[in-house]
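2 protein chains.
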Amino acid sequence: MNSDIDIAYGSQMKPISEIAKDLLLTEQDWEPYGHYKAKLSQQILDKLADEPNGKIILTTSINPTPAGEGKSTVTVGLGQALNQLNKKAVIALREPSLGPTMGVKGGAAGGGYSQVLPMEDINLHFTGDLHAITTANNALSAFIDNHIHQGNELHIDPRRVEWKRVLDLNDRSLREVVVGLGGASKGVPRQDGFNITVASEMMAILCLANDLQDLKERLSRIFIGYTYERDPVTVKQLGFEGSLTLLLKNAMKPNLVQTIENTPAIIHGGPFANIAHGCNSLVATKTAAKLGDFVVTEAGFGADLGAEKFLNIKTRAGGFEPDTVVIVATIRALKMHGGLNKNQLHEESVDALERGISNLKKHMETIVQFNLPFVIAINQFPLDTEKELKFLTNWCASQGAEVSIVEVFAKGGKGGIDLAKKVIKSCATKTGYMKYTYELENSIEEKIVKIATNVYGAGRVEFTSTAKKQLMLLNKHGHDQLPICMAKTQYSLSDDPTLIGRPHGFTITVRQLTASVGAEFIVALTGDVMTMPGLPKKPAALNMDVKEDGRITGLF
Amino acid sequence: MNSDIDIAYGSQMKPISEIAKDLLLTEQDWEPYGHYKAKLSQQILDKLADEPNGKIILTTSINPTPAGEGKSTVTVGLGQALNQLNKKAVIALREPSLGPTMGVKGGAAGGGYSQVLPMEDINLHFTGDLHAITTANNALSAFIDNHIHQGNELHIDPRRVEWKRVLDLNDRSLREVVVGLGGASKGVPRQDGFNITVASEMMAILCLANDLQDLKERLSRIFIGYTYERDPVTVKQLGFEGSLTLLLKNAMKPNLVQTIENTPAIIHGGPFANIAHGCNSLVATKTAAKLGDFVVTEAGFGADLGAEKFLNIKTRAGGFEPDTVVIVATIRALKMHGGLNKNQLHEESVDALERGISNLKKHMETIVQFNLPFVIAINQFPLDTEKELKFLTNWCASQGAEVSIVEVFAKGGKGGIDLAKKVIKSCATKTGYMKYTYELENSIEEKIVKIATNVYGAGRVEFTSTAKKQLMLLNKHGHDQLPICMAKTQYSLSDDPTLIGRPHGFTITVRQLTASVGAEFIVALTGDVMTMPGLPKKPAALNMDVKEDGRITGLF
Chain C
46 MNSDIDIAYG SQMKPISEIA KDLLLTEQDW EPYGHYKAKL SQQILDKLAD EPNGKIILTT
106 SINPTPAGEG KSTVTVGLGQ ALNQLNKKAV IALREPSLGP TMGVKGGAAG GGYSQVLPME
166 DINLHFTGDL HAITTANNAL SAFIDNHIHQ GNELHIDPRR VEWKRVLDLN DRSLREVVVG
226 LGGASKGVPR QDGFNITVAS EMMAILCLAN DLQDLKERLS RIFIGYTYER DPVTVKQLGF
286 EGSLTLLLKN AMKPNLVQTI ENTPAIIHGG PFANIAHGCN SLVATKTAAK LGDFVVTEAG
346 FGADLGAEKF LNIKTRAGGF EPDTVVIVAT IRALKMHGGL NKNQLHEESV DALERGISNL
406 KKHMETIVQF NLPFVIAINQ FPLDTEKELK FLTNWCASQG AEVSIVEVFA KGGKGGIDLA
466 KKVIKSCATK TGYMKYTYEL ENSIEEKIVK IATNVYGAGR VEFTSTAKKQ LMLLNKHGHD
526 QLPICMAKTQ YSLSDDPTLI GRPHGFTITV RQLTASVGAE FIVALTGDVM TMPGLPKKPA
586 ALNMDVKEDG RITGLF
Chain Z
46 MNSDIDIAYG SQMKPISEIA KDLLLTEQDW EPYGHYKAKL SQQILDKLAD EPNGKIILTT
106 SINPTPAGEG KSTVTVGLGQ ALNQLNKKAV IALREPSLGP TMGVKGGAAG GGYSQVLPME
166 DINLHFTGDL HAITTANNAL SAFIDNHIHQ GNELHIDPRR VEWKRVLDLN DRSLREVVVG
226 LGGASKGVPR QDGFNITVAS EMMAILCLAN DLQDLKERLS RIFIGYTYER DPVTVKQLGF
286 EGSLTLLLKN AMKPNLVQTI ENTPAIIHGG PFANIAHGCN SLVATKTAAK LGDFVVTEAG
346 FGADLGAEKF LNIKTRAGGF EPDTVVIVAT IRALKMHGGL NKNQLHEESV DALERGISNL
406 KKHMETIVQF NLPFVIAINQ FPLDTEKELK FLTNWCASQG AEVSIVEVFA KGGKGGIDLA
466 KKVIKSCATK TGYMKYTYEL ENSIEEKIVK IATNVYGAGR VEFTSTAKKQ LMLLNKHGHD
526 QLPICMAKTQ YSLSDDPTLI GRPHGFTITV RQLTASVGAE FIVALTGDVM TMPGLPKKPA
586 ALNMDVKEDG RITGLF
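Chains C and Z, in that order, give the protein sequences.
Taking the working numbering, I'd label the letters of the first sequence as residues 46 to 601.
Taking the working numbering, I'd label the letters of the second sequence as residues 46 to 601.
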C-alpha cells in the first residue's frame, strides 16, 4: 500500500473555487489561500440565518490504543460515502497540531483513500490559525509581565499569575520554567510554564465564540491571576481585548478544503480532547450545517473525552445538538483492551475481543445516557479474521445496536456506503431532546462527580487539598455555574492510562481546578495528565524531508 | 491628515491577479493568499535566469532619532514615482515584526500616501512567514532538549547550548530563563533565553538562502552548541535538517502585494538591522530584479547598520551589487543630532541643523567608501522652514552631492518625481565595482576593526575577555573566513545610544561573538544591545481595536 502522502500526490484536487461554487458560495463569501484552500467569511452565517440546518453526525470512538482506531479516516470516509449517495455532505474537522505531527503521528488528516487535502499544508502551517492563537496567547503573557515590570499598578501578584505561555510543539522542557531572570532590565522573576497551544484557553475561546464580538467579550473576561489582595484580574483591566481580537481576526474564519474524493471539508480550530475540549470551532460546525444537508464532525479520542465535551460544552455554547453518533472501533484495539499486546495482534483471538468489548459497551451506554441514537463503525484492518468480525457484529446485534464494517482507508467512500445508509436511517430515529450529563446549576463538585460516575464509570472522586482550595476560590468568585472541561488520559476510562478495557470502582483524582472564564468552563486536571506533551526518543520529524524536486517525504 | 489605516481603507487596491499579470507572471508563477496577497514561486527565477536584471536602488538613512526619518515611506514613494515616470519599478521590503507593531510603532508598512497594502495584513500575520520561522527555530530547541533528556548520545553539554528559543514579540521577561525545571519528567534544567524571531539565525538563513536546497544545506550546518568534550554540534548530527526545511518550505516563497498607487511590492523576510543583518530576502531581491527595470529596496536603520550589512553580507551571498544608494534624512532628525530635544523641534534652528548635519556627512562618506553613487532624499515635514531647507540643500550642493526634497507621505509618488529622476541619473554614474569594507580572508578582529573605524568612525575596538575566548574557539573551528554581522544600537554611530551627531575617537566594545554557521556570518554583540526588545509602559497595542463592522483602529 502507498503512503498517505503518495496517495495524496496521486489524487486530483479540484480548484477550491469549484468546491466553493458547488456549495453555492459567492465570491464575497470566501478568500483563496493558495489554489486549494480558502477562508470562509462570517457573513455566510448572517446570510443563511433563516435557512434550515443540516443533520449533524458526531463521530467518536472507544478509548484509543497504540493499535489506532482511524476515527478521522472514518469521519472523512463517511462524508465521502454520503456524497456518493448524492447527499450534500460537509465534513467538519479540527486543525492538526504541529506537536504530534513532529512528534509521534507524522500527520493528522485522515488516511489512505479517506484523507483531506492538501494534506501537507493541513499538517504543517495550514492558514496560520494556530500560529495566530499562539501569538495572541503569548502577547497577553508579555503584556502581563510588562505591567508587573512597569510599576504594577494593578498589584498583580507574580506568584499568582495563572495565565501561561504556549507553543504549538511538544516540548517537555517548557513545562516548568522561570522567566524574568538576569536583573532589573530583564523583568520580574517568576515561575511560569508553557502549555501546547491546542490545550490553551485562547484556543478554546476561538472555538467557542459565536462571532467576532463574542470573541472580544470572551477575551476581555479572561482571568489572568490574582492581585496581592487576592482579587481576580481580567484582560479588561489590562485593556488589551481589542489588540487580542485584532490578532485573532483572520483566525476566526473557518477554512475550506476538500477530501481526496472532492467532498468539501471545513477544518477549523484544534483543541486536544484530553487536555482541552476537543472539538472543532462552533463557527465551523454552524457554517457546515448551513452549507450541507449532512455534517460529519469529529470529537477527539473516546466518547469519555471529546464526545462528552462536545455534548456538554460545545452544544450548550452553540444551541444545537447532534442527530446521531458514530462510535468507531477496531478489532485490533478491542483485542488490546482485552489484554493482548501490540506484538500479539496478528493472532486471531475471539477471547481477547470478547474481553475488550466491554470498553465499547461503556461508550454505547454513555451515548444512550445522552438520549442519542448511534451506529457502530468497525474500521476493518487487513488481518481481522472472519470469525472475529462475525463475533463482533453478532454481539452488536445482540445489543440491539446498528453496526457496519467499513473499509474507507483502502476504498474511500465506497468502503463506507453501508455505514452512510445506516447513519441516515439513524438520524431519523432520534426522539426527544438530548440529555446533558449535568445541569449548569449543579455545584462544581456535583458536575465533576456526575461526569466521573456516569461517563467514566468511576466509583468515587477525590479532590486534592490544592483542588479543594481552588474550589473555594472558584465558588467565591462566582464561577460555579460554568460547565466542566475534564483533562484526563485518553487511554483509559479512568485517570490511570494502564487501566484498559472497562475498569470498575476506580477513583478519579482531581488535582487542579482553574477557571477559563473567557472560554466559559472550569478545567479539572485529573491523574498525571500534562498540558504540554513531550517528544519520543525518535521523533517523527527525523523521517521528514523535502526532496530536490520539492516533494515531501515522511508525512503519513 | 487622516491616519494610515484610514488612508489605506480609502484607497482602491487592484486584485493581486492584475498586479501579477502586469508583471507578466503566469498562473503557475504564483498562488493567491486572499484577494490582495500572493506567494511567488521559485520557478520564476529559473525561468528568467537568462533575462537581464533591473537596476537595484538601495535606500538607507542617517542614524534614526525619535523624530523619525520615514525611510520605508520614501522607499515606497520612490517606487511609485518611478512608475509614474513609466519605469517598471518593483519595491522590495522586509516583513514587519509583531514585536514593534504591538510595542511602539503600531505598524511598519510605509505611511500616508506611500504605503504598501493591505497594511493591516502586512502588519499582522501576513502570510505566516515569521510564524514558520518561529516554529522551525523552537522545534530545533525542542529537538535539542529532547536529545539531552533521552540519553544524550551526542554528549551535548547543557551549559553550552548556544541555540536559543524565539518569539516574534517584545518580551523582556524571556531574555533570560531557566527551562527543564520540575523534576525528571520535565527535561534537563538549563539556562536559556528567547530572542525576537527577527534577530534569529533561522531568519537570517531564510533571507540569505538562494533556494530550497541551499536552505537545507544551511540548516544542516547550524551550530547549536558544544559537547562535554568541547566539540561543536550541528543540526546534521541531530538529523533534523529535512523537517526544518519542510517547516520553512512555504516561507521561502516571496510575497507579492501592491502600494497605494498599485506599484508592485515584494515583501519577504524581516531581520532587524541592529541585532541582525537587516535586509529583505535574497530570493525576493533577485525576483524583483527579474520582474522590474528598477528595484527599490531598503536596509534597516542607518547606513552604519542595514546598508553596511546589505553591502558586505547580502551582496556577497547573492553575487550582485546595487547601482545607487538613496540616503534619507529629515530636518527634524538632523536638528536632534544637533542637540535639540523633541519638544524643541517646532523651533527653526539652522544652528542645530548645521551641527547635526555631521551625522549625514559620515553616512555619505561611508557610501563613497563602497564606491557607490548616492542621492540624498530630504523627507519634508510640515514644520520645516524654507530657511532650513535652503541651508540643507545648499550644503549638499557644496559637497557635490545630488539632493531632492520629497513629499511622498502627503502626495504619494508625485511627491518623489524629482528624486526618481535624480536616482535614474545616478544609476548611470556608477563606475567600477563596489568595494567591500573588508576581505573575507581578513581575521575576525581585522574585519570588526575595519567596520568600526571605517563605517562607524571609531577610534579603537575593545574585546571583552568573554569575546576573546569566543574568538579563540571560532578560529579553532575554522569560522574565521565568514563575514561579520554587527549588533549595535541604531541611535548612534558608536555603541552608546546617547552619542548623537558624529562622535569621534570612541571605543567600540565587543562583548560577545557567536558563529551563525548556517547563515554564514559571525554575530558580534557590542555595547548593551539586546536581542529581545521590551515593551514600553503603554504599548501601542492598547490603542488597537476591531469595531463591530470589522474595521480596525490603532494601526498607523
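All residues carry an ideal CB built from backbone N, CA and C; glycine is no exception.
Check, Outcome
"Under 9 Å by beta carbon: chain Z residues contacting Pro-77/C", "Glu-76, Pro-77, Tyr-78, Gly-79 and His-80"
"Pair within 8 Å by beta-carbon distance, Val-371/C and Val-340/C", "no"
"DSSP-derived helix/strand/coil call for Ala-532/Z", "strand"
"For Asp-590/C and Phe-508/C, the rounded distance between their alpha carbons", "47 Å"
"Own chain partners of Gly-124/C with C-beta closer than 6 Å, once the 5 adjacent residues on each side are dropped", "Ala-134, Ile-136, Thr-308 and Val-341"
"Buried/exposed call for Gln-57/Z, threshold 16 Cβ in 10 Å", "exposed"
"Residues within the segment 313–330 of chain C neighbouring chain Z, beta-carbon criterion of under 7 Å", "none"
"As assigned by DSSP and simplified to three states, the class of Gly-124/C", "helix"
"Under 9 Å (Cβ pairs) to chain A, residues found in the segment 209–225 of chain C", "Protein chains in the displayed structure are C and Z, and chain A is not among them."
"Counted within 10 angstroms of its Cβ, other Cβ atoms place Met-517/Z as buried (16 or more) or exposed", "exposed"
"C-alpha distance - Ala-244/C paired with Leu-570/C, whole-angstrom precision", "12 Å"
"In chain order, each beta strand (DSSP E) run of at least 3 residues that lies wholly inside the segment 261–301 of chain C", "268–272 and 277–279"
"Reference Leu-538/Z; option with closest CA among His-176/Z, Glu-353/Z, Asn-131/Z and Lys-66/Z", "Glu-353/Z"
"Close Cβ partners of Thr-438/C (< 6 Å) along its chain, the five nearest in sequence each way excluded", "Val-448"
"Cα-Cα separation between Thr-272/Z and Leu-283/Z, rounded to whole angstroms", "13 Å"
"Host beta strand (DSSP E) of Glu-447/C (start-end)", "447–451"
"Terminal residues of the alpha helix (DSSP H) in which Asn-404/Z lies", "395–414"
"Beta-carbon proximity of Ala-310/Z to Val-119/Z, cut-off 8 Å", "no"
"Beta bridge counterpart(s) of Arg-210/C as assigned by DSSP", "Phe-239/C"
"Element boundaries [beta strand (DSSP E), containing Val-568/C]", "566–571"
"Assigned exposure category for Gly-232/Z - 16 Cβ within 10 Å defines buried", "buried"
"Against chain C: residues of the segment 169–186 of chain Z by CB proximity under 7 Å", "Leu-169, His-170, Gly-173, His-176, Ala-177, Thr-180, Asn-183 and Ala-184"
"CB of Ala-329/Z within 8 Å of CB of Ala-564/Z, strictly", "no"
"Amino acids of chain C, ordered along the chain, whose beta-carbon sits closer than 7 Å to that of Gln-258/Z", "Glu-593"
"Endpoints, the alpha helix (DSSP H) within which Arg-89/Z is located", "It should be noted that the sequence gives Ile, not Arg, for residue 89/Z. That run of the alpha helix (DSSP H) goes 88–92."
"Element boundaries [alpha helix (DSSP H), containing Phe-508/C]", "That residue, Phe-508/C, is in no alpha helix (DSSP H); its beta strand (DSSP E) goes 505–508."
"Pro-77/Z - DSSP class collapsed to helix/strand/coil", "strand"
"Bridge partners - Leu-162/C, DSSP secondary structure assignment", "Gln-303/C"
"Cβ separation of Ile-102/Z and Pro-418/Z, assumed to be a contact under 8 Å, to the nearest whole Å", "Going by Cβ atoms, the distance from Ile-102/Z to Pro-418/Z rounds to 10 Å, so no, they are not a contact pair."
"Any chain C beta carbon closer than 8 Å to Gln-160/Z", "no"
"Limits of the alpha helix (DSSP H) - the one that Phe-436/C falls within", "431–443"
"Enclosing alpha helix (DSSP H) for Glu-63/Z [first to last residue]", "61–67"
"Reduced DSSP secondary structure (H/G/I, E/B, other) of Asn-183/Z", "helix"
"For Val-574/C, the three-state DSSP class (helix, strand or coil)", "coil"
"Selected residue, minimal CA-CA separation from Asn-424/Z, among Gly-156/Z, Asp-525/Z, His-524/Z and Leu-143/Z", "Gly-156/Z"
"Those residues which DSSP pairs with Thr-559/C across a bridge", "Val-568/C"
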